[in-house]
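Chemist: Provided herewith is a single structure, encoded as C-alpha cells, for subsequent inquiry.
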Amino acid sequence: MTRVAVLDSDKCRPKRCGKQCHRFCPMVRSHVEAIRFEDAKPLIVEALCSGCGICVKKCPFNAISIVNLPDELEKECSHRFGPNTFKLYRLPTPSPGTVLGLLGKNGIGKTTTLKILSGEIKPNLGNYENPPSWSDLIRYFRGSVLQDYFQRMSEGKLKVVHKPQYVDKIAKAVSGRVGELLGKVDERGVLENVAEKLGLKTIWDRPLEALSGGELQRVTVAAAICREADVYLFDEPSSYLDVKQRLEVARAIRSLKSEGKIVVVAEHDLAIIDYLSDQICIFYGDAGVYGIVSHVHGVRTGINIYLQGYIPDENIRFRKEAIIFHEKPPTISFGAGETLLKWGKVEKTYEGFKLVAQPGEIRKGEIIGILGPNGIGKTTFVKILAGLEKTDDEREFKELTVSYKPQYISAEYEGTVQELLTSIAKEDFTSGWYKAEILQPLGITPLLERNITELSGGELQKVAIAACLSKKAELYLLDEPSAYLDVEERLNMARTIRRVIEARNATAFVVEHDVVAQDFIADRLMVFTGEPGIRGIANPPTSLRDGMNAFLKEMNVTFRRDPVTKRPRVNKEGSKLDKYQKEIGEYYYVRHAAITEED
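This is the structure we're talking about:
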C-alpha cells in the first residue's frame, strides 16, 4: 500500500498541543523517526509511517490526514506541491473540438488541474525535490493526448487562456471601463457578437470596480472568449449568474468548439455542466488530501456516475450514498400556518432603478425562494426586510428579529471561526443539536481553529451560512448561499437551512440562482420580473410549481428529468420536448406519461 500523509499547516498549532503526534507515534517510540519537527512543524516521513492512525486521532486540531492507497496508483501521480501536501493522481485528456467538463467536490484538484493545463503549474509527477524536465514529462505521457499537449507547451507553441475561479479579485488588479478593456483583448474580432449575447452593452461605459459579481463574471468570460488561443479553460463560469445568463454563457463557451479549440470547464451547477459539456471527468478522493481524475465519460453517463458515487469501469465507490433528487415538488413544512409577516405595496427608488414589491405574506415554518434575473431588485428587497434599506415612504420592518447573510462576504473579522460562531450562538455552541444540525452538515468542524482571514471562498461561504443560522431569529435572509459551494455542499446547505427553520419554527427568504438547489429548499417562490437595471417587480409568494413555471417561462427555458437520477436537465432550444412543454405550459415538472427523455 502507498501511504499519503498530509499536514494542514493552517490548523497545526505545535505550541498548543504538546506535540502529541510525535509523543504517541509507535514508530517514534521504537526509535524510528517517522515524525520529526522542522521549522516548528511536524514532518511525517511516509516511507517510515506504519499507517496506524494514532497521530490522526491524537491531534487536537485535526491537522493530520493519513490515507492508504493502492501501490499501482503511485505510478499515476501527476503533481504534489511538497512534503505532506495534497497529491493529484492522473490528468484529464482534453480533445480539440470537444468541451470537457470537470466535476467533483471542492479541494479535490480541479483548480490545480486547470493551472497545470494553463502552464501556471508545471507537473512534477510527485517528485517535488527534483522536478522532471519537459523531456521527462513528455516521455512520461507518451502515447496519450497529453504528450503532444506538453510538447507544444514546452516549445511555447500552445497559447492558453484561463478564466480564474474568483472573479471578484480581478477588479482589484485591473482598472478601466468595460468597453475599453474588452476592446484591447478582442484578438478574434468577435467582441460585438459576444457582447450582444452576454448582455454587456448596458454596462459598456462602467468601470470594473463598479460592477456586481454577475456583471464581472460575464465580462471575464467575454474577455477569455475574445482572446485568440488554442486552449480555453474556465473555472466556475456560472457563479453569480442567473439561469438565463448561465445558459448564454454556456452557449458562448460552446461556440469555441466549432473552431476546433480545446475547451475545459470546471463547474458545480449540474444543469449547466450537462448543457455545456460533451464529455465529463470525475474528480474523487479526500478533499485537501488527494484527488484522482477518472477516465473520460459521456456527459450524461458521467454526471449520473458522479451522483450515484460509483465508477463501474474502475470498480470504485467514492461516496457511501447516492445524491437523490425529488421527482415532485416537496410539500409545505408541517409548521407552516401562522402568519409571521404581512406587507403592503413596497416601493424603493434609486437613480435609474425602481423596485415595486406587490403585497404578500409569509408564514412560520416555511422557506420562500426568491428567483429572478440579476439587477432586478432581489438583494434590495432582502435588504429592506433586513432593515439595511428604507422604502420610499420610510417604512421599516422592526417587529421581527432578523438574521442576514449578504451576497458578498468579506473576511473582516479578526479571529478564528470558533470565536466568531461562539460570539453569535453563545451557549448553543456547545449543545449537541448545534453540532449535529449546523457544524457537521456544513463541514464547519474542521475549520473551527482557522482564522477567518485564511479561509477560501467556499469555506467563507459555509461559515457565513453557519453564522446566519447561529443567531436565534424569526426571519432568516440568505442571499446566494450556494456561491462557490460544490454539488454535495449545496445539498447539505439546503438540508441544514430547512432543518433549522423547522426546528425554530422560523421563516426564511433564500435568494438563489441554482434551480436545483431552489427546488430542494423552497416551499413557495417569489418571482421577480421587470427590466434588469431599470425596474423590478416582486410578485407575491406563490406555490413552488406555479412559481417555477412562471420563472422559467420568463427565461424561455424548459427542463426535463433524467429517468435514472431524476435530476433536472435543460432541454435544447427548439427541440420536440422543448416545444411540447411550452405548448402545455409545463416548463419544469412534466407529469405526462407521453413525455420521454431526449439526449
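Residue numbers (the working numbering): 30 to 628. Each residue gets a CB set at the ideal place from its N, CA and C atoms; glycine is no exception.
Are three or more beta carbon pairs between the region 45–53 and the region 325–342 nearer than 8 Å?
Modeler: Contact between the region 45–53 and the region 325–342 is absent, because fewer than three Cβ pairs lie under 8 Å.
Chemist: Check whether the region 247–256 touches the region 207–214, taking contact to mean three or more Cβ pairs, one atom from each stretch, closer than 8 Å.
Modeler: Yes, they touch.
Chemist: Hey, is the region 115–129 in contact with the region 511–521, meaning 3+ C-beta pairs nearer than 8 Å?
Modeler: The region 115–129, when compared against the region 511–521, does not touch it at the 8 Å Cβ threshold.
Chemist: Where in the region 507–554 do unbroken runs of the beta strand (DSSP E), each at least 3 residues long, occur, reported from the N-terminal end onward?
Modeler: 536–540
Chemist: Which residue wins for smallest C-alpha separation from residue 308, given the options 42, 283, 46 and 89?
Modeler: Just measuring C-alpha positions, the residue of 42, 283, 46 and 89 sitting nearest residue 308 is 283.
Chemist: Please report how far the alpha carbon of residue 164 lies from the alpha carbon of residue 142, in whole angstroms.
Modeler: 20 Å
Chemist: What is the rounded straight-line gap between the Cα of residue 110 and the Cα of residue 159?
Modeler: The alpha-carbon atoms of residue 110 and residue 159 are separated by roughly 12 Å.
Chemist: If residue 631 sits next to residue 144, beta carbons under 8 Å apart, how far is it from one beta carbon to the other, in whole angstroms?
Modeler: This structure cannot settle anything about residue 631, because the visible part of the chain is limited to 30 through 628.
Chemist: Which value, in whole angstroms, describes the spacing of the CA atoms of residue 34 and residue 322?
Modeler: 19 Å
Chemist: Does residue 575 pass the burial test, meaning 16 or more other C-beta atoms within 10 Å, or should it be called exposed?
Modeler: Classification of residue 575: exposed, given that the 10 Å Cβ count is below 16.
Chemist: Can you list, in chain order, the residues of its chain whose CB lies under 8 Å from that of residue 80, leaving out five sequence neighbours each side?
Modeler: Excluding sequence positions up to five before and after residue 80, its CB lies within less than 8 Å of the CB of 30, 32, 95 and 97, all in the same chain and listed in chain order.
Chemist: Give the DSSP bridge partners of residue 445, in chain order.
Modeler: 480
Chemist: Taking one C-beta from the region 496–508 and one from the region 429–436 each time, how about it: are there three or more such pairs within less than 8 Å?
Modeler: The region 496–508, when compared against the region 429–436, does touch it at the 8 Å Cβ threshold.
Chemist: State the DSSP-derived secondary structure class of residue 115, mapped to helix, strand or coil.
Modeler: coil
Chemist: Quick one: what does DSSP say residue 359 is sitting in, helix, strand or coil?
Modeler: Only weak support is given to the placement of residue 359: the predicted model assigns it a pLDDT of 48, under 50, and the value that follows is read from those uncertain coordinates. It is coil, neither helix nor strand.
Chemist: Decide if residue 454 is buried, meaning its Cβ has at least 16 other Cβ atoms within 10 Å, or exposed.
Modeler: buried
Chemist: Could you give the C-beta distance for residue 481 and residue 449, rounded to a whole number, given that I count them as a contact under 8 Å?
Modeler: 6 Å
Chemist: Hey, how far is the Cα of residue 390 from the Cα of residue 368?
Modeler: 7 Å
Chemist: Under the rule that 16 or more other beta-carbon atoms within 10 Å means buried, what is residue 610, buried or exposed?
Modeler: buried
Chemist: Which runs of the alpha helix (DSSP H) spanning at least 4 residues fall entirely within the region 228–299, listed in chain order?
Modeler: 242–255 and 272–283
Chemist: Quick one: complete beta strand (DSSP E) runs, 3+ long, within the region 161–214?
Modeler: 189–192
Chemist: Does DSSP put residue 398 in a helix, a strand or coil?
Modeler: strand
Chemist: To which residues of the same chain is residue 108 closer than 8 Å at the C-beta, ignoring the five residues directly before and after it?
Modeler: 116, 117, 141, 145, 150, 152, 153, 154 and 155
Chemist: Over what stretch of residues does the beta strand (DSSP E) that includes residue 492 continue unbroken?
Modeler: Unbroken run through residue 492 is the alpha helix (DSSP H), 486–499; no beta strand (DSSP E).
Chemist: Measuring alpha carbon to alpha carbon, tell me which residue in 403, 234 and 419 is nearest residue 556.
Modeler: 403
Chemist: Tell me the rounded alpha-carbon separation between residue 653 and residue 617.
Modeler: Because residue 653 is not part of the residues shown, which for the chain are 30 to 628, the question remains open.
Chemist: Report the option in 441, 386 and 278 whose CA atom is closest to the CA atom of residue 222.
Modeler: 278
Chemist: Considering just the uninterrupted stretch of the beta strand (DSSP E) at residue 308, what are its terminal residues?
Modeler: Taken as a continuous stretch (DSSP letters only), the beta strand (DSSP E) holding residue 308 covers 308–315.
Chemist: Exposed or buried, which one is residue 26 when buried takes at least 16 other CB atoms within 10 Å?
Modeler: This structure does not reach residue 26, given that the chain is present from 30 up to 628, and the question cannot be answered.
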